[in-house]
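A quick write-up on the structure given underneath.
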Amino acid sequence: MPDVKRVLVADDSATVTTLLATALELEGYAVDTAINGVEAYEKGITGEFDLVIMDQLMPGLLGLEVIDRWQQEGHVNRVIMLSGVDDDRTVVSSLDLGAVDFVRKPFHLPELMARIRQRLLG
Amino acid sequence: MNPATIGLIAVAVVFFIDVILLTGLVSLKAVHRRRRRIHAARRAEYVTVLSRHLAFQHHTDPFGTNIADDDAFLDAVIDLRNIVSGTEIDNLTGIIDRSGLAKRQEARLRSRFPLGRRLRAAVSLAEMGDESSAPVLIEHLDDREPEIRIQCARGLGRIQHTSAIDPILERFGFEQPWVRARFADTLVGFGTKATWPLVAYIRVNLGHDQNQGVIEAIRVLGTIGDQEVGPTLAGVLRVASDPEVAIATIDALGVVGGPLAIRPLKYTFRHPDWRLRAKSATALAQIGDPSINPVLAEGLEDENWWVRRNSAAALAILPGGTDLLLKAIESEAPFAADAATEALADSGELAAARARFEAGEANHGDRVLLGYVTAQEAVPK
Numbered sequence: 291m292p293d294v295k296r297v298l299v300a301d302d303s304a305t306v307t308t309l310l311a312t313a314l315e316l317e318g319y320a321v322d323t324a325i326n327g328v329e330a331y332e333k334g335i336t337g338e339f340d341l342v343i344m345d346q347l348m349p350g351l352l353g354l355e356v357i358d359r360w361q362q363e364g365h366v367n368r369v370i371m372l373s374g375v376d377d378d379r380t381v382v383s384s385l386d387l388g389a390v391d392f393v394r395k396p397f398h399l400p401e402l403m404a405r406i407r408q409r410l411l412g
Numbered sequence: 018m019n020p021a022t023i024g025l026i027a028v029a030v031v032f033f034i035d036v037i038l039l040t041g042l043v044s045l046k047a048v049h050r051r052r053r054r055i056h057a058a059r060r061a062e063y064v065t066v067l068s069r070h071l072a073f074q075h076h077t078d079p080f081g082t083n084i085a086d087d088d089a090f091l092d093a094v095i096d097l098r099n100i101v102s103g104t105e106i107d108n109l110t111g112i113i114d115r116s117g118l119a120k121r122q123e124a125r126l127r128s129r130f131p132l133g134r135r136l137r138a139a140v141s142l143a144e145m146g147d148e149s150s151a152p153v154l155i156e157h158l159d160d161r162e163p164e165i166r167i168q169c170a171r172g173l174g175r176i177q178h179t180s181a182i183d184p185i186l187e188r189f190g191f192e193q194p195w196v197r198a199r200f201a202d203t204l205v206g207f208g209t210k211a212t213w214p215l216v217a218y219i220r221v222n223l224g225h226d227q228n229q230g231v232i233e234a235i236r237v238l239g240t241i242g243d244q245e246v247g248p249t250l251a252g253v254l255r256v257a258s259d260p261e262v263a264i265a266t267i268d269a270l271g272v273v274g275g276p277l278a279i280r281p282l283k284y285t286f287r288h289p290d291w292r293l294r295a296k297s298a299t300a301l302a303q304i305g306d307p308s309i310n311p312v313l314a315e316g317l318e319d320e321n322w323w324v325r326r327n328s329a330a331a332l333a334i335l336p337g338g339t340d341l342l343l344k345a346i347e348s349e350a351p352f353a354a355d356a357a358t359e360a361l362a363d364s365g366e367l368a369a370a371r372a373r374f375e376a377g378e379a380n381h382g383d384r385v386l387l388g389y390v391t392a393q394e395a396v397p398k
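See below:
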């Protein structure tokens with residue numbers, strides 16, 4: 291059986307997590323979801339995800355705070371940031387903290403899926 | 018029957034009525050909660066089905082004929098519409114068309130339903146309507162309910178239906194200020210496409226009916242920032258007798274900028290009304306042309322504190338302005354020196370002068386500034 295890639299989708303909008311989980315599952319990935327920053331942080335420390343799609347503005351912990359905590363504690367997760375916050379500082383901070391990509395909401399689903407596929411190939 | 022028995026019966030009756038009312042309220046709340054749960058579950062199901070539809074481009078349209086009547090479906094479509102872009106919007110628009118969702122909302126808006134349902138229809142159309150919804154949205158710019166008028170304007174702005182600019186402006190002067198403010202937001206969203214209708218509106222209404230809507234229209238022009246309106250605003254400033262209109266025009270000229278804005282602002286900078294002088298100083302700073310520096314330097318000696326403060330703040334950011342502020346400190350005009358010192362402190366020039374002084378690199382200007390500040394600090398309060 292081929293190795294199935296695992297993706298964590300963290301967003302406080304159930305619509306976003308449903309859309310992305312559906313699209314990812316249709317492409318054959320195993321998907322887990324988190325509805326706030328704390329849940330995302332806790333799921334991410336297991337280190338079993340090949341990629342995390344993370345919203346910036348979430349209750350509990352912000353997306354950037356989750357990445358920062360993982361880094362400080364030595365948990366390695368590849369993260370694509372997803373955010374409706376359209377300011378350059380958030381983009382730069384995300385990339386500085388080690389996010390591999392930044393996608394703005396509203397997003398173009400085929401483009402986001404292409405970015406995800408590319409990251410999971412690497 | 019003795020009074021004690023009557024009292025007991027009264028207490029029992031009140032207690033009985035209370036129990037009935039409380040039971041009714043609890044039941045209503047439970048029913049409402051259950052309906053909300055069912056609605057949320059149905060909405061989640063629709064989001065899943067729609068997500069499959071969006072993710073798998075060739076997926077067959079999975080929806081039945083009466084789907085447009087289901088509010089859970091409406092909410093799911095609006096939710097998804099707000100998070101995707103590009104071809105997915107076209108895809109969702111196709112679903113909205115085929116399911117008759119927008120037509121259903123248009124019918125609700127036109128109906129005699131209570132306000133809540135009609136408002137929901139207006140909000141839905143504002144979120145998901147397209148060009149085909151424009152006629153009903155324009156029609157309801159005259160709705161009896163202000164919230165519905167606002168949502169219709171918002172929807173027309175979102176679909177960038179430029180033919181709606183004139184109907185929105187036709188209502189502008191008659192609306193209550195809070196509705197007018199929301200209409201103004203919509204007009205800003207049209208950008209430069211709204212410039213000339215707004216100019217026409219201002220020309221027609223300036224000086225009539227207490228300038229109803231004129232001030233907001235000028236502010237909208239300022240926010241849009243189209244340089245083409247410089248001459249129009251200059252003309253307004255020449256004839257405006259209402260200081261509120263003049264102040265809005267000065268603000269707008271500061272944003273719009275350009276050489277044509279400087280001359281009228283120089284004029285209002287010497288106006289008898291101090292509010293116009295103070296606003297003009299700020300507007301001139303926004304334009305950022307250093308040729309205006311000598312005029313602003315006159316403002317440092319104005320009789321009004323706000324004019325002196327704004328003039329000094331303007332000079333602090335204009336090229337060459339710092340020299341004039343230092344000159345004011347050297348002068349014998351104490352108010353001008355105070356205003357100049359405050360502006361130099363706010364701009365960071367005072368801190369920079371201190372740093373240069375401590376490093377033994379102070380220039381003449383630094384010594385003038387630090388000398389004045391030290392002398393002021395030595396004055397007993």
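Top to bottom, those sequences are chains H and A. Counting in the working numbering, the first sequence runs from 291 upward without gaps. Counting in the working numbering, the second sequence runs from 18 upward without gaps. Here a beta-carbon is modelled for each residue, glycine too, at the ideal position from N, C-alpha and C.
DSSP places residue 306 of chain A in the coil class of the three-state scheme, outside both helix and strand. Collapsing the DSSP output to three states places residue 87 of chain A in coil. Here residue 164 of chain A is not near residue 118 of chain A, since their CB atoms are 8 Å or more apart. By the Cβ-count criterion, residue 18 of chain A is exposed, with fewer than 16 other Cβ atoms from all chains shown falling within 10 Å of its own Cβ. With distances taken between CA atoms, residue 372 of chain H lies nearest to H:343 out of H:349, H:343, H:354. With contacts defined by Cβ atoms closer than 8 Å, residue 298 of chain A and residue 286 of chain A form a contacting pair. Of all residues in the stretch 387-401 of chain H, only 395, 396, 397, 398, 399, 400, 401 place a beta-carbon less than 8 Å from a beta-carbon of chain A. Shown here, residue 259 of chain A sits in coil according to DSSP, grouped into three states, outside any helix or strand. At least 8 Å separates the beta-carbon of residue 265 of chain A from that of residue 294 of chain A. Chain-order list of chain H residues neighbouring residue 96 of chain A: 305, by C-beta distance under 7 Å. With contacts defined by Cβ atoms closer than 8 Å, residue 356 of chain H and residue 389 of chain H do not form a contacting pair. When Cβ pairs closer than 8 Å are counted between the two stretches, the stretch 119-130 of chain A is seen not to touch the stretch 181-190 of chain A, the count staying below three.
Its Cα nearest to that of residue 209 of chain A, the residue A:244 stands out among A:195, A:175, A:244. The Cβ neighbour count for residue 401 of chain H, taken over all protein chains shown within 10 Å, is under 16; the residue is labelled exposed.
Residue 162 of chain A and residue 152 of chain A have their C-alpha atoms some 18 Å from each other. Under DSSP, residue 376 of chain H forms no beta bridge with any residue.
The three-state secondary structure of residue 403 of chain H, taken from DSSP, is helix. Counting the other Cβ atoms within 10 Å of the Cβ of residue 179 of chain A gives fewer than 16, which makes it exposed. For residue 160 of chain A, the three-state secondary structure derived from DSSP is coil. Secondary-structure assignment with DSSP links residue 336 of chain H through no beta bridge to anything. By the Cβ neighbour-count rule, residue 360 of chain H is buried, with 16 or more other Cβ atoms within 10 Å of its own. At a cut-off of 8 Å, the C-beta of residue 404 of chain H has no neighbouring C-beta in chain A. Under the Cβ criterion of 8 Å, residue 323 of chain H is not counted among the residues facing chain A. Distances from the CA of residue 124 of chain A to each of A:263, A:258, A:85 were compared; the closest alpha carbon is that of A:85. At a cut-off of 8 Å between beta-carbon atoms, residue 102 of chain A makes contact with chain H. Contact between residue 341 of chain H and residue 410 of chain H holds, since their C-beta atoms are separated by about 6 Å, short of 8 Å. Excluding sequence positions up to five before and after residue 80 of chain A, its CB lies within less than 6 Å of the CB of 116, all in the same chain and listed in chain order. Residue nearest to residue 327 of chain A within the set A:242, A:296, A:62, A:63 is A:296 (criterion: CA-CA distance). Interface flag for residue 411 of chain H against chain A is unset, since no Cβ pair is found closer than 8 Å.
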